[in-house]
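>
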Amino acid sequence: PVDGYTLSSGDTIPSVGLGTWRASGEDVGGAVKAALSAGYRHIDCAWEYGNEEAIGNAIQQSGVRREDLWLTSKLWNASHSPEDVEPALDETLTRLGTSYLDMYLIHWPVAILKEPYLTSGRFVVDKPLSDDMFPTWKKLEELVDKGKIKNVGVCNFTIWRFEQLMKNPLKYRPLVNQVELSYWNPQPNLLAWAKSRKVLLEASSPLGGMRKVKETLELPVFTEVAKLVNITPAQAVLSWLRQRGVVVLPKSTHPDRIKENIQAVTLPQELFEKIERAAVSHPPKRMINPSGKWGFNFDIFGLT
Ligand code: A2P
43 PVDGYTLSSG DTIPSVGLGT WRASGEDVGG AVKAALSAGY RHIDCAWEYG
93 NEEAIGNAIQ QSGVRREDLW LTSKLWNASH SPEDVEPALD ETLTRLGTSY
143 LDMYLIHWPV AILKEPYLTS GRFVVDKPLS DDMFPTWKKL EELVDKGKIK
193 NVGVCNFTIW RFEQLMKNPL KYRPLVNQVE LSYWNPQPNL LAWAKSRKVL
243 LEASSPLGGM RKVKETLELP VFTEVAKLVN ITPAQAVLSW LRQRGVVVLP
293 KSTHPDRIKE NIQAVTLPQE LFEKIERAAV SHPPKRMINP SGKWGFNFDI
343 FGLT
């Protein structure tokens, strides 16, 4: 698998990043330090994960130079109003202790009203800013021009939503789409589309996420391939995904697993295809879809 992908901006994004979702403020500092000493140079963050300050402190303490690091963060749903974008980014920058991000992503293709979200945590859809993301996007473009963001992208966008955004006269187009990609939801059509549109996919929950990781790593296809090439099942999963041409963002707070997850091999073609066949030959199952939890009367992934 490749070590990095060169984006059309000219920047190279490392093909493995540390996932930090559901890593508590106490745990995440140790995870970041373990990752940086294991050779990770890419950390995937988000305003909403609530742990960016701990991540920033750990980076500072590690002594790794900022220019050697790839930092991604995400604009939360309640900050899509153009006047809220820069303050949200500034909060992230302050917490991470940096003056710029290598990548800033729209976290979800849904905007919600700041109130009642900030006082009660309740989600009320901001329909105009959800139906048309261009006003939010234009603000992001301004922040690129200001030097606070190097690259811009999106998360959890279906092809339809992405193409809707692309219909606008964009100054900078979204270069990545961070989506759920795993054995359970391998999304071959989205991957083929992304390649044809020169959009890089980033795999969140590549091991299947918290609830499925054990089951994933016990699947015969991964234990067999792991044995044949003398790697662990987790390395088989992550090698397969990287060989598909995507970035992987495995989350762990255990130093031994963090080390394990950055080591990938190039699988022989027949083993790569064996995993690909197994992954696409069962009905796909999306692991993460907060539409219901957020009280929406529509499916975020419904418009494909
Ligand atoms: P932990 O943080 O306790 O190590 P995903 O990245 O697909 O969301 O998966 C994350 C889940 O998988 C977390 O619960 C994490 O637990 C666990 N995990 C991450 N890497 C490994 C690994 N190499 N072996 C076993 N479990 C892992």
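For the sequence shown, UniProt numbering gives the first residue as 43, with consecutive numbering after it. We put the beta carbon where it would ideally sit given N, CA and C, even for glycine.
Is the beta carbon of Glu244 sitting closer than 8 Å to the one on Gln229?
What you label residue 244 is simply residue 202 of the sequence shown in a count that begins at 1. What you label residue 229 is simply residue 187 of the sequence shown in a count that begins at 1. No, the Cβ-Cβ distance between Glu244 and Gln229 is not below 8 Å.
> Rounded to a whole number of angstroms, what is the C-alpha to C-alpha distance between Pro248 and Ala276?
Looking up residue 248 in the sequence shown gives position 206. Looking up residue 276 in the sequence shown gives position 234. The straight-line gap from Cα to Cα measures roughly 9 Å.
> Quick check: is any heavy atom of the ligand A2P less than 7 Å from the C-beta of Glu198?
Translated into the one-based positions of the sequence shown, residue 198 becomes position 156. Reading off the sequence shown, one finds Asn at residue 198, where the question assumed Glu. Flag unset: Cβ of Asn198 not near the ligand A2P.
> Could you check if Asn303 belongs to the surroundings of the ligand A2P, using beta carbon to heavy atom distance under 7 Å?
Taking the sequence shown and counting its residues from 1, the one referred to as residue 303 is at position 261. Correct: Asn303 has its Cβ closer than 7 Å to the ligand A2P.
> Between which residues of its own chain and Thr62 is the CB-CB distance below 7 Å, once the five residues before and five after are set aside?
Taking the first residue of the sequence shown as position 1, residue 62 is located at position 20. The residues are Val70, Ile85, Asp86, Cys87, Tyr91, Asn93, Ile97, Lys293.
> Compute the distance between the beta-carbons of residue 396 and Lys75, then report whether it is under 8 Å.
Here the chain has residues from 43 to 346 only, and residue 396 is not among them.
> Measuring CB to CB, does Glu222 end up less than 8 Å from Arg328?
Residue mapping note: residue 222 aligns to position 180 of the sequence shown, counting from 1. Residue mapping note: residue 328 aligns to position 286 of the sequence shown, counting from 1. Their beta carbons are under 8 Å apart, which means Glu222 touches Arg328 by this criterion.
> Are there any heavy atoms of the ligand A2P lying less than 7 Å away from the beta-carbon of Lys156, as far as the coordinates show?
Counting from one through the sequence shown, the residue named residue 156 turns up at place 114. Not so, every heavy atom of the ligand A2P lies at least 7 Å from the Cβ.
> Using 8 Å as the cut-off, can you tell me whether the segment 109 to 116 makes contact with the segment 142 to 154, which would need three or more C-beta pairs spanning the two stretches below that distance?
They touch, by the three-pair rule.
> Excluding five sequence neighbours on each side, which residues of the same chain lie with their C-beta closer than 6 Å to the C-beta of Val263?
Position 221 of the sequence shown, counted from the first residue, corresponds to residue 263. Around Val263: Ile317, Ala320.
> With a floor of 3 residues, list each beta strand (DSSP E) that falls wholly inside the segment 164 to 217, ordered by position along the chain.
Counting whole runs of 3 or more residues, the segment 164 to 217 contains the beta strand (DSSP E) stretches 194 to 197.
> In the structure shown, what three-state DSSP assignment does Asp126 receive?
Position 84 of the sequence shown, counting from 1, holds the residue named residue 126. Looking at Asp126 - three-state DSSP - the assignment turns out to be helix.
> Pull up the distance between the alpha-carbon of Trp282 and that of Ser323, whole angstroms please.
Here the question's residue 282 lines up with position 240 in the sequence shown. Here the question's residue 323 lines up with position 281 in the sequence shown. Using only the alpha carbons, I get a separation of about 16 Å.
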